[in-house]
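The structure appears right after this line, and notes come after that.
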Amino acid sequence: MRAYVAAPRGFCAGVVRAIETVEFALQRFPPPIYVRKQIVHNRSVVKEFESRGVIFIDDLVEVPPGSLVIFSAHGVSPEVRAEAQARGLRTVDATCPLVTKVHAEARRFASRGFTIILIGHQGHEEVVGTVGEVPGHIQVIENADQIEALVVPDPDRVVCLTQTTLSVDETDSLRRLLGSKFPRMVLPAKEDICYATQNRQNAVKKLVGIGIDVLLVMGSPNSSNSRRLCDVAKSLGITAYLVDCPEDIQAHWLEGAERVGITAGASVPELLVQRAVGLLEQFGAQVEEVPGPAEEILFSLPEEVSSSLPNLSGSESVA
Ligand code: SF4
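When you line the sequence shown up against our numbering, it's residues 44 to 362, in that order.
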């Protein structure tokens, strides 16, 4: 058996920034550090931070007034920011800048009287945050049936934005359908599906191109971009398994497979990939990496935790 490891895979710039934000907060601020929602959608990352005292909460009411709370990489709505302020919380925003870009687009188009059609998964934290930027001006769709049912105030003033972690191919097809329904529909100047999502999906297509029989995708069940990697393989006729931790890999999945692909969603630490690769080697696999484009994007840390600021004590405001 041969194992082909995709590149690029694993951490993207937004995830690195979010994780480093928590790391720096742990170093700079007195405990406890609260994080609203999972900082990134990966169970092992969250567990690791929990073991170091970080408290993950779903609702700001769980945070005592005056405490420090970090907003996750998926972004928050203005309502959440206002609630934090009203409760006297100190905040650090680890929203990925590429999510912030979509928020800004939504606000800009809404202020010009456009209806925003957001392709995305209803209830996903990123979608909730984007919708919260422009309530009353935005409708979320995730399939063709919902396009049929769409009614907008002015069909000539419609813009299509998307969640950052969707399947590129499925989104293209939904955008084409929307374009047929709203011929004057506008698209943002720059694609909303982020570079990391696109690169990881292209890397899966490359593995499929070299003839893998099965694909293992490292990623947690609530990770949108990881699940989309499975979808890409499945849409090309390849069996794919989403694997939260390497110990979940079942030997029978690999029975009869001569070529096994392996990749990881944007929130998955490389350590987990290497442990999975080690298991494949134990099953007798010869492992090789399939190269892809280098990713050199880096985002600067939120200024509240960047090194240019002095250490802050518990009573000082950081945001
Ligand atoms: S997957 Fe894309 S949008 Fe999400 S954190 Fe990474 S770079 Fe940002």
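We put the beta carbon where it would ideally sit given N, CA and C, even for glycine. None of these values were measured; they are calculated from a predicted model.
Margin query: As an exercise, report each continuous alpha helix (DSSP H) stretch of at least 4 residues that is fully enclosed by the stretch 176–220, in chain order.
Written below: With a minimum length of 4 residues, the continuous alpha helix (DSSP H) runs that stay inside the stretch 176–220 are 187–191.
Notebook entry, point to check: Quick one: Cα of residue 140 to Cα of residue 52, how far?
Noted result: 20 angstroms
Margin query: Going by beta-carbon coordinates alone, are residue 319 and residue 262 separated by less than 8 angstroms?
Written below: no
Notebook entry, point to check: So does residue 49 have its beta carbon nearer than 7 angstroms to some heavy atom of the ligand SF4?
Noted result: No, Cβ of residue 49 sits at least 7 angstroms from all heavy atoms of the ligand SF4.
Item checked: Neighbourhood of residue 208 by C-beta, 6 angstroms cutoff - its chain only, sequence neighbours within 5 removed -> 240, 267 and 268
Margin query: So within the stretch 112–136, which uninterrupted beta strand (DSSP E) runs reach at least 3 residues, ignoring any that extend past its ends?
Written below: Taken in chain order, the complete beta strand (DSSP E) segments of 3 residues or longer contained in the stretch 112–136 are 133–136.
Note to self: Mapping the DSSP letters down to three states, classify residue 351 as helix, strand or coil.
What the structure shows: In this prediction, residue 351 has a pLDDT of 42, which is less than 50 and means its spatial position is unreliable; what the coordinates show is noted afterwards. In this structure, residue 351 counts as coil in the three-state DSSP scheme.
Next item on the list: Count the C-beta pairs between the stretch 153–160 and the stretch 184–203 that are closer than 8 angstroms, then say yes if the count reaches three, no if not.
Entry: When C-beta atoms of the stretch 153–160 are compared with those of the stretch 184–203, three or more pairs fall below 8 angstroms, so the two segments count as touching.
Notebook entry, point to check: Since residue 260 and residue 220 are thought to touch, with beta carbons under 8 angstroms apart, how far apart are those beta carbons, to the nearest angstrom?
Noted result: Contact doesn't hold; Cβ gap of about 27 angstroms is too wide.
Margin query: Beta-carbon within less than 8 angstroms of residue 96's beta-carbon, same chain only, minus the 5 sequence neighbours each way: which residues are those?
Written below: Counting only residues of its own chain and dropping the five nearest sequence neighbours on each side, residue 96 has a CB closer than 8 angstroms to the CB of 69, 74, 75 and 76.
Item checked: Exposed unless 16 or more other CB atoms sit within 10 angstroms - verdict on residue 81 -> buried
Next item on the list: Hey, could you find the ends of the alpha helix (DSSP H) residue 335 is sitting in?
Entry: Note, residue 335: premise wrong, no alpha helix (DSSP H); not H, not E.
Check: Is DSSP giving residue 48 helix, strand or coil here?
Finding: strand
Checklist line | beta-carbon residue 55 near the ligand SF4 non-hydrogen atom, thresh 7 angstroms | finding: A distance criterion of 7 angstroms places the beta-carbon of residue 55 in contact range of the ligand SF4, judged by its closest non-hydrogen atom.
Item checked: 6 angstroms Cβ shell around residue 62 - same chain, five flanking residues per side excluded -> Closer than 6 angstroms at Cβ, skipping near neighbours: no residue.
Checklist line | Three-state secondary structure (DSSP) of residue 357 | finding: Model confidence at residue 357 stands at a pLDDT of 39, short of 50, so the residue's coordinates are unreliable; what they give is reported in the following sentence. Residue 357: coil per DSSP, three-state reduction.
Next item on the list: Report the rounded CA-to-CA distance for residue 102 versus residue 164, giving the unit in angstroms.
Entry: 21 angstroms
Notebook entry, point to check: On the premise that residue 279 lies in contact with residue 251, defined as a C-beta separation below 8 angstroms, what is that separation, rounded to the nearest angstrom?
Noted result: 5 angstroms
Next item on the list: Kindly examine the ligand SF4 and report whether one of its heavy atoms sits closer than 7 angstroms to the Cβ of residue 203.
Entry: no
Check: Is there contact here, the stretch 337–344 with the stretch 288–300, by at least three beta-carbon pairs under 8 angstroms?
Finding: Taking a cut-off of 8 angstroms for Cβ pairs, the stretch 337–344 and the stretch 288–300 do not touch, as fewer than three such pairs fall below it.
Notebook entry, point to check: Thinking C-beta only, is residue 345 closer than 8 angstroms to residue 127?
Noted result: no
Note to self: Is residue 58 close to the ligand SF4? I mean its beta-carbon at under 7 angstroms from any heavy atom of the ligand.
What the structure shows: yes
Next item on the list: May I ask whether a heavy atom of the ligand FMN can be found less than 7 angstroms away from the beta carbon of residue 74?
Entry: This structure simply doesn't include the ligand FMN; it includes the ligand SF4 instead.
Notebook entry, point to check: Are residue 152 and residue 89 closer than 8 angstroms when you measure CB to CB?
Noted result: no
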